[in-house]
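Asks: Please read through the structure below; I'll follow up with questions.
Protein chains: 2
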Amino acid sequence: MSRKLDTHAKQLGALGHPARLAIVRHVVQAGPGGAAAGEIQAKLKIPASTLSHHIERLATAGLIDSRREGTFIYYSAVFATLRALTDYLWEDCCKGGEGGKSSCC
Amino acid sequence: MSRKLDTHAKQLGALGHPARLAIVRHVVQAGPGGAAAGEIQAKLKIPASTLSHHIERLATAGLIDSRREGTFIYYSAVFATLRALTDYLWEDCCKGGEGGKSSCC
DNA sequence: CCACTGCTTCGATAATCGTCGAAATATATG
DNA sequence: CATATATTTCGACGATTATCGAAGCAGTGG
C-alpha cells in the first residue's frame, strides 16, 4: 500500500536488535555532535566488523548520519527521522474510538 | 546489560515488518475496543495462518492484547507499552549535548 | 615510505524469520 | 450431533539476519 509503511517498518526493524538499539540510544544521547565509532565499540564491547554491519543497517535505514573527522568517524542521530518514526505509530490514534482519546493518547 | 534494552529491541523488532506495523497501526487507530482478526485480515489481504503468526509475535512482545467475544477474537493495542517504547528512544536525549536541546528534542 | 590505528569489506556458517497450505481446534447454529 | 465459520497449530521451505576472523583500505605520524 504505502511507501511510508515499508520505510518505517525497515527503520523499526533496524532498531529491533539490542546492539543497534544501544547504538541509536547512544548517539541520541550524544546529541547533534554524534559519537565516534570507537567510543561506541568500547561501550558495546563487540567486534569491529559486527559493529560495522549494525551501523550500516542503521545508516541504510536513514536513522544515523556519518561524518569523517581525521581518522575518526562520528555517527549522529537523524532526529527528524526518528521523530517521524515515533509519531507514525500514534498517527490517527483512536480515530474510530468511542471510548474517548483520554484513555490512550 | 539491561533487560529493558532486550525487551524494547524485541518490541521494535516485532514492529519491523510491514504487515505487523500495519496491524499495530490498525489496532492503535481502532482504540481501546480493538479490532477483530477477520477485519484485520480483510484489510491486509494475507492468509490467515500468516496473519496468526504475525499476531503471535506482536502478542509475545507485549504490544497487543487479545479478547475473545463469541466466535471472534478482538486484538487491541497495549497503549502503555507502546508509549514506553517510543519514550525509550528519546530517554536522556542530548544529555551530553553542548548544542542545546532545542535542535533535536 | 613505513608502520600504526580506525574502520570496512569479504567470506563462511549458524540461526532466525516469513510464508502458506493442510489439518486441527473452538464456538455458534440448525 | 452436523455443519459452518473463525482462528490457531503443524510442517516444510527458501530468504534474510547475525556473527566474527581475516584481509583490505584510509588517514596519521614518524
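Going down the list, the sequences are from chains A and B.
Note that my numbering has the first sequence beginning at 1, numbered continuously upward.
Note that my numbering has the second sequence beginning at 1001, numbered continuously upward.
The C-beta atom is built at its ideal place from N, Cα and C for all residues, glycine as well.
1) Please identify the residue among A/Gln-41, A/Val-78, A/Ala-48, A/Leu-44 whose C-alpha is closest to the C-alpha of A/Ala-59.
2) Which one or two residues does DSSP pair with B/Phe-1079 in a beta bridge?
3) State yes or no: is the beta carbon of B/Asp-1006 nearer than 8 angstroms to at least one beta carbon in chain A?
4) Is it right to say B/Ala-1030 is buried, meaning 16 or more other beta carbons lie within 10 angstroms of its own, or is it exposed?
5) Is it the case that the segment 32-49 of chain A contacts the segment 1038-1053 of chain B, given that we only count it when at least three CB pairs across the two stretches are under 8 angstroms?
6) Buried or exposed: A/Thr-86, going by 16 or more other Cβ atoms within 10 Å of its Cβ?
7) If I'm right that B/Leu-1015 touches A/Leu-12 with Cβ under 8 angstroms, what's the distance once you round it to whole angstroms?
8) Just the C-alpha distance for A/Arg-67 and A/Val-24, rounded to the nearest angstrom, thanks.
9) If you reduce the DSSP assignment to three classes, tell me which class A/Ile-55 lands in.
10) Let me know the secondary structure DSSP gives A/Ala-35 once reduced to three states.
11) If you draw a straight line from the C-alpha of A/Leu-21 to the C-alpha of B/Leu-1005, how long is it?
12) Sort B/Val-1028, B/Pro-1032, B/Ala-1019 by Cα distance to B/Lys-1045 and report the nearest one.
13) Answer with yes or no whether the minimum CB distance from A/Leu-51 to chain B is below 8 angstroms.
14) Which residue from A/Cys-105, A/Gly-34, A/Trp-90 puts its Cα closest to that of A/Asp-65?
15) Helix, strand or coil for B/Ser-1002, going by three-state DSSP, please let me know.
16) Quick check on B/His-1054 - is its C-beta less than 8 angstroms from some C-beta in chain A?
17) Taking Cβ-Cβ distances below 8 angstroms as the criterion, which residues of the segment 23-35 of chain A are in contact with chain B?
Replies: Taking the coordinates as given:
1) A/Val-78
2) Per DSSP, none; premise fails for B/Phe-1079.
3) yes
4) With 16 or more other Cβ atoms within 10 Å, it is buried.
5) no
6) Counting the other Cβ atoms within 10 Å of the Cβ of A/Thr-86 gives 16 or more, which makes it buried.
7) 4 angstroms
8) 16 angstroms
9) helix
10) strand
11) 7 angstroms
12) The candidate whose alpha carbon is nearest that of B/Lys-1045 is B/Ala-1019.
13) no
14) A/Gly-34
15) coil
16) Chain A, which has no Cβ nearer than 8 angstroms to the Cβ of B/His-1054, makes this no.
17) Val-24, Arg-25, Val-28, Gln-29, Ala-30, Gly-31, Pro-32, Gly-33
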